[in-house]
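Asker:
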Amino acid sequence: MNNFMLKRSRATDALRAVYSVIYPNKCLFCRRVMDDKQAFVCLNCEFEITSDEHYVENLNWLYIPYVYGDEVQHVVHRFKYGGAKALAKPMARAIYSRFPDVYGDFLLPVPLHPNRQRDRGFNQASELALELSLLLKIPAMDGLSRLRDTEKQFHLSREQRASNLADAIGVKQGFDVVGKRIILVDDVFTTGSTAVECAKVLKSAGATHVDLIAFARA
Ligand SMILES: [Zn+2]
Numbered sequence: 083m084n085n086f087m088l089k090r091s092r093a094t095d096a097l098r099a100v101y102s103v104i105y106p107n108k109c110l111f112c113r114r115v116m117d118d119k120q121a122f123v124c125l126n127c128e129f130e131i132t133s134d135e136h137y138v139e140n141l142n143w144l145y146i147p148y149v150y151g152d153e154v155q156h157v158v159h160r161f162k163y164g165g166a167k168a169l170a171k172p173m174a175r176a177i178y179s180r181f182p183d184v185y186g187d188f189l190l191p192v193p194l195h196p197n198r199q200r201d202r203g204f205n206q207a208s209e210l211a212l213e214l215s216l217l218l219k220i221p222a223m224d225g226l227s228r229l230r231d232t233e234k235q236f237h238l239s240r241e242q243r244a245s246n247l248a249d250a251i252g253v254k255q256g257f258d259v260v261g262k263r264i265i266l267v268d269d270v271f272t273t274g275s276t277a278v279e280c281a282k283v284l285k286s287a288g289a290t291h292v293d294l295i296a297f298a299r300a
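Taking the working numbering, the leading residue of the sequence shown gets 83, the next gets one more, and so forth.
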């Protein structure tokens with residue numbers, strides 16, 4: 083199984099170091115400077131944009147601290163498109179502070195299609211999984227693949243989304259999920275379809291339990 087360990091790039095470590103020097107302790111969302119050096123989200127934002135939804139079909143439990151809105155959108159946009167890979171650390175911290183007791187056999191990022199990963203240079207879900215792995219002391223693995231590129235999901239109906247994703251995700255050959263308790267990781271749980279499809283694939287491959295950690299839900 084060690085072949086499937088998710089590895090951190092050196093560039094990420096360098097960015098992390100730079101990030102921690104340049105930025106004072108600001109709220110991840112409103113960017114107000116906080117007195118509490120350990121906090122990642124100010125009390126106001128924590129109160130305003132908290133999500134308490136924990137259940138969706140095919141996933142056993144959702145660990146999602148925030149609801150998607152302007153504040154979350156800014157953070158996720160910077161994370162995805164602004165090259166701000168180092169945001170994975172405070173985002174993971176914010177998740178961990180809400181859900182420190184997550185447990186399972188391993189973390190598994192929702193895969194990005196190789197074409198899109200090449201364009202962006204990284205999979206944001208993998209970056210989050212690596213940071214969460216350090217905090218939760220659960221190994222992060224790289225065991226799912228995108229078999230073909232899927233259309234952008236948001237303009238499709240629920241049925242179209244499901245058929246669009248059918249057979250688009252697979253468990254990597256040799257990656258053993260039988261009897262495992264797996265925690266999927268994604269940045270945003272939008273329509274739910276991609277993570278749900280991953281859960282279906284994992285369960286039909288023998289996983290007994292599939293949860294999801296995401297930073298925010300739509
Ligand atoms: Zn704030």
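Positions of the beta carbon are idealized from the N, C-alpha and C atoms, including for glycine.
Using the beta-carbon of each residue, find all residues closer than 7 Å to any heavy atom of ligand 1 and list them in chain order.
Answerer: Cys109, Phe111, Cys112, Arg114, Val123, Cys124, Asn126, Cys127
Asker: Could you tell me how far apart the beta carbons of Ile251 and Leu226 are, in whole angstroms, since I believe they sit closer than 8 Å?
Answerer: Residue mapping note: residue 251 aligns to position 169 of the sequence shown, counting from 1. Residue mapping note: residue 226 aligns to position 144 of the sequence shown, counting from 1. About 6 Å; that satisfies the 8 Å criterion.
Asker: Distance cutoff 8 Å, beta carbons only. Does Ile265 sit that close to anything in chain C?
Answerer: Protein chains in the displayed structure number just one, and chain C is not present.
Asker: Go to Asp152, then tell me how far its alpha helix (DSSP H) extends in each direction, as first and last residue.
Answerer: Position 70 of the sequence shown, counted from the first residue, corresponds to residue 152. 152-163 is the span of the alpha helix (DSSP H), which, as asked, contains Asp152.
Asker: From the DSSP output, in three-state form, read off Pro196 for me.
Answerer: Taking the sequence shown and counting its residues from 1, one reaches residue 196 at position 114. Three-state DSSP puts Pro196 in a helix.
Asker: Could you check whether Ala170 and Glu213 sit closer than 8 Å to each other, using their CB atoms as the reference points?
Answerer: Within the sequence shown, residue 213 is the residue found at index 131, counting from 1. Within the sequence shown, residue 170 is the residue found at index 88, counting from 1. Cβ atoms of Glu213 and Ala170: closer than 8 Å.
Asker: Work out the CA separation of Ile295 and Val267 for me, nearest whole Å.
Answerer: To locate residue 267, count along the sequence shown from 1; it is residue 185. To locate residue 295, count along the sequence shown from 1; it is residue 213. Near 5 Å, if we compare the C-alpha coordinates of Ile295 and Val267.
Asker: Looking at the strands, I want to know which residues DSSP matches up with Phe188.
Answerer: As a position in the sequence shown, residue 188 is number 106, starting the count at 1. According to DSSP, Phe188 bridges with Ile264.
Asker: To the nearest whole angstrom, what separates the beta carbons of Gly163 and Ala300, a pair I think is in contact under 8 Å?
Answerer: In the sequence shown, residue 163 corresponds to position 81, counting from 1. In the sequence shown, residue 300 corresponds to position 218, counting from 1. In the sequence as presented, Gly is not what sits at residue 163; that position holds Tyr. Actually they do not touch by this definition, with Cβ atoms about 17 Å apart.
Asker: Go to Phe129, then tell me how far its alpha helix (DSSP H) extends in each direction, as first and last residue.
Answerer: On the sequence shown, residue 129 is found 47 positions in, with the first residue counted as 1. From DSSP, the alpha helix (DSSP H) with Phe129 extends over 125-130.
Asker: Do Phe204 and Pro172 have their CB atoms nearer than 8 Å?
Answerer: Here residue 204 refers to the residue found at position 122 when the sequence shown is read from its first residue. Here residue 172 refers to the residue found at position 90 when the sequence shown is read from its first residue. It is not a contact, given that the beta carbons lie outside the stated cut-off.
Asker: Assuming Trp143 and Asp293 form a contact by the criterion Cβ under 8 Å, report the distance between their Cβ atoms to the nearest whole angstrom.
Answerer: For the purposes of this step, residue 143 is identified with residue 61 of the sequence shown, where counting begins at 1. For the purposes of this step, residue 293 is identified with residue 211 of the sequence shown, where counting begins at 1. Going by Cβ atoms, the distance from Trp143 to Asp293 rounds to 4 Å, so yes, they are a contact pair.
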